[in-house]
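A.B. asks: Before I ask anything, here is the structure I am working with.
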Amino acid sequence: MKARDLATEALAGVTARPLRSALTVLGTVLGITTLVITLGIAATAGNQIAGRFDEVTATEVTVAVPSTIDKMAPPHVEWTALPQLTRLNGVRAATAIARPSSAANSRVRANDLRDPTTVTDRTLPAVATTSDHLETLDARVSAGRFFDEGHILRHDRVAILGSAAAQLVGINRVDDSPAVFVNDQAFTVIGILGTIGRESEQGMASAVILPYTTANDRLNTGPPTEVLIRTELGAAQRIARQAPLALSPNDYAQLRVLAPPDPATLRGTVQSDVNALFLVLGLVSLVVGAIGIANVTLVTVMERTGEIGLRRALGAARRHIAAQFLVESSAIGLLGGIIGASAGTITVVVVSLSRDWTPVLDLSLAAGAPLVGALVGLLAGVYPALRAARMEPVEALRSGT
Numbered sequence: 001m002k003a004r005d006l007a008t009e010a011l012a013g014v015t016a017r018p019l020r021s022a023l024t025v026l027g028t029v030l031g032i033t034t035l036v037i038t039l040g041i042a043a044t045a046g047n048q049i050a051g052r053f054d055e056v057t058a059t060e061v062t063v064a065v066p067s068t069i070d071k072m073a074p075p076h077v078e079w080t081a082l083p084q085l086t087r088l089n090g091v092r093a094a095t096a097i098a099r100p101s102s103a104a105n106s107r108v109r110a111n112d113l114r115d116p117t118t119v120t121d122r123t124l125p126a127v128a129t130t131s132d133h134l135e136t137l138d139a140r141v142s143a144g145r146f147f148d149e150g151h152i153l154r155h156d157r158v159a160i161l162g163s164a165a166a167q168l169v170g171i172n173r174v175d176d177s178p179a180v181f182v183n184d185q186a187f188t189v190i191g192i193l194g195t196i197g198r199e200s201e202q203g204m205a206s207a208v209i210l211p212y213t214t215a216n217d218r219l220n221t222g223p224p225t226e227v228l229i230r231t232e233l234g235a236a237q238r239i240a241r242q243a244p245l246a247l248s249p250n251d252y253a254q255l256r257v258l259a260p261p262d263p264a265t266l267r268g269t270v271q272s273d274v275n276a277l278f279l280v281l282g283l284v285s286l287v288v289g290a291i292g293i294a295n296v297t298l299v300t301v302m303e304r305t306g307e308i309g310l311r312r313a314l315g316a317a318r319r320h321i322a323a324q325f326l327v328e329s330s331a332i333g334l335l336g337g338i339i340g341a342s343a344g345t346i347t348v349v350v351v352s353l354s355r356d357w358t359p360v361l362d363l364s365l366a367a368g369a370p371l372v373g374a375l376v377g378l379l380a381g382v383y384p385a386l387r388a389a390r391m392e393p394v395e396a397l398r399s400g401t
């Protein structure tokens with residue numbers, strides 16, 4: 001049988017019952033659509049998540065400094081070590097923080113006593129830091145200003161209030177130079193902290209922030225307990241390896257570095273997690289579609305038993321009968337693959353645009369989806385085709401009459 005005649009017979013068989021063929025195609029359509037959407041959304045979402053991670057978290061490195069057991073021993077990190085850190089290629093800004101030993105019990109109150117019967121003392125953390133604190137935390141002040149190197153060198157008794165801390169002590173403006181008392185030590189408030197870009201440091205909104213020289217004089221904060229670093233994109237891993245040596249050449253092994261995971265690893269993890277979840281659904285849909293094609297093709301074989309017997313009696317070989325039903329089932333799978341690939345691609349684009357994402361879809365996937373559908377149809381049609389090819393002409397004609 002010529003290929004043209006075979007294709008004509010297969011097309012006639014598929015279009016003979018259009019509603020049944022359409023319902024059979026639906027199973028393959030759902031499977032292919034799910035697969036295309038799965039891989040497309042996984043790639044798009046993974047790229048978007050990793051992109052946002054790169055913009056914020058991938059630039060944050062934290063170095064935790066353990067306290068020295070021997071009070072007479074030198075600290076692991078000195079305040080004067082920060083300039084060595086900022087000279088590293090890839091460091092945008094760096095700051096250090098320290099808290100007094102009684103930070104959890106720091107009593108803070110404003111100097112403006114409106115109601116003598118009201119307890120005005122608040123328990124707030126007091127934090128000592130450097131003048132680069134704002135830039136490192138990607139923060140802003142909502143009122144006033146942040147202290148500078150001059151305040152630090154002069155050991156000025158100034159303070160910055162976090163937004164939540166300012167509300168608690170009742171200070172919302174600094175133009176009249178209000179004061180706060182931290183453990184009965186007076187400090188002039190010169191600014192109120194606003195937004196904080198660094199997610200891990202949102203607790204600063206509830207803190208009283210002091211120049212580290214003043215805090216050491218008045219509250220005995222001591223050396224830094226933590227160093228915060230803001231890096232260029234892609235430099236976090238390198239800075240995480242170099243920072244301990246720059247901060248403390250002799251005790252660098254004692255420092256604990258918290259660095260973000262590699263963005264490429266994160267992207268791969270996100271995509272693999274999403275793929276693992278939805279690929280199962282896609283494969284299940286494909287299996288259901290294959291079962292549907294096999295079932296309908298088998299029913300078609302039973303209904304066309306007389307036709308098969310007649311064709312066998314007129315000289316058609318077994319392979320001709322098998323080939324016809326294989327082509328029919330492959331055509332149904334191919335049609336389902338084409339429709340599924342189109343529907344999946346459109347869905348990925350629509351979802352991405354609705355979320356303001358950049359669609360990421362491998363064109364080879366969309367092009368190969370119809371072939372996958374045809375392969376599913378071919379495999380699903382093997383058993384019905386073999387059963388049709390094994391029919392004897394006499395028995396087929398007898399049962400088909």
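By UniProt numbering, the letter at position 240 of the sequence shown is numbered 240, and the numbering carries on one by one without gaps.
Even glycine gets a Cβ: it sits at the ideal position worked out from N, Cα and C.
It should be emphasised that the depicted structure is a prediction, and the values quoted were computed from it without experimental measurement.
Here's the rule I'm using: 16 or more other beta-carbon atoms within 10 Å means buried, otherwise exposed. How should GLY150 be labelled?
C.D. replies: exposed
A.B. asks: What does a CB cutoff of less than 6 Å around PHE181 pick up in its chain, not counting 5 residues either side in sequence?
C.D. replies: ARG109
A.B. asks: Out of ALA235, ALA64, GLY292, point me to the one whose CA is closest to VAL25's CA.
C.D. replies: GLY292
A.B. asks: Nearest to VAL257 by CA position, among VAL63, THR44, LEU19, is which residue?
C.D. replies: VAL63
A.B. asks: How far does the alpha helix (DSSP H) with ILE358 in it extend, from its first residue to its last?
C.D. replies: Note that residue 358 corresponds to Thr in the displayed sequence, not to Ile. It is not in any alpha helix (DSSP H) - THR358 carries neither H nor E in the DSSP assignment.
A.B. asks: When burial is assigned at 16 or more other CB atoms within 10 Å of the CB, is SER330 buried or exposed?
C.D. replies: buried
A.B. asks: Quick one: Cα of residue 415 to Cα of ILE41, how far?
C.D. replies: A query on residue 415 cannot be resolved here, the shown segment of the chain reaching from 1 to 401 and no further.
A.B. asks: Do GLY81 and ILE229 have their C-beta atoms closer together than 9 Å?
C.D. replies: This sequence places Ala at residue 81; Gly is not what is there. No; because the gap between Cβ atoms is not below 9 Å, this pair is not in contact.
A.B. asks: To the nearest angstrom, report how far apart VAL299 and ARG319 are at their CA atoms.
C.D. replies: 19 Å
A.B. asks: What does the Cβ neighbour count give for GLU201, buried or exposed, with the cut at 16 atoms within 10 Å?
C.D. replies: buried
A.B. asks: Given a cut-off of 9 Å on the beta-carbon distance, is the pair THR129 and VAL158 in contact?
C.D. replies: no
A.B. asks: Do LEU161 and ILE209 have their C-beta atoms within less than 9 Å of each other?
C.D. replies: yes
A.B. asks: Please state whether the Cβ-Cβ distance between ALA290 and LEU379 is less than 9 Å.
C.D. replies: Cβ atoms of ALA290 and LEU379: closer than 9 Å.
A.B. asks: Can you tell me the Cα-Cα spacing of ARG154 and ALA43, whole angstroms?
C.D. replies: ARG154 and ALA43 have their C-alpha atoms spaced approximately 54 Å apart.
A.B. asks: If you compare alpha carbons, which of VAL376, ARG238, ALA389 is closest to LEU310?
C.D. replies: Nearest neighbour of LEU310 by Cα position, chosen from VAL376, ARG238, ALA389, turns out to be ALA389.
A.B. asks: How many angstroms separate the CA atom of VAL382 from the CA atom of PHE325?
C.D. replies: 8 Å
A.B. asks: Going by other Cβ atoms of all chains shown within 10 Å of its Cβ, with 16 needed for buried, is SER106 buried or exposed?
C.D. replies: buried
A.B. asks: Could you give the uninterrupted runs of the alpha helix (DSSP H) lying entirely in the segment 79-160, keeping only those of 4 residues or more?
C.D. replies: Annotation note: the segment 79-160 contains the following uninterrupted alpha helix (DSSP H) runs of length 4 or greater, listed N- to C-terminal: 82-86, 133-137, 149-154.
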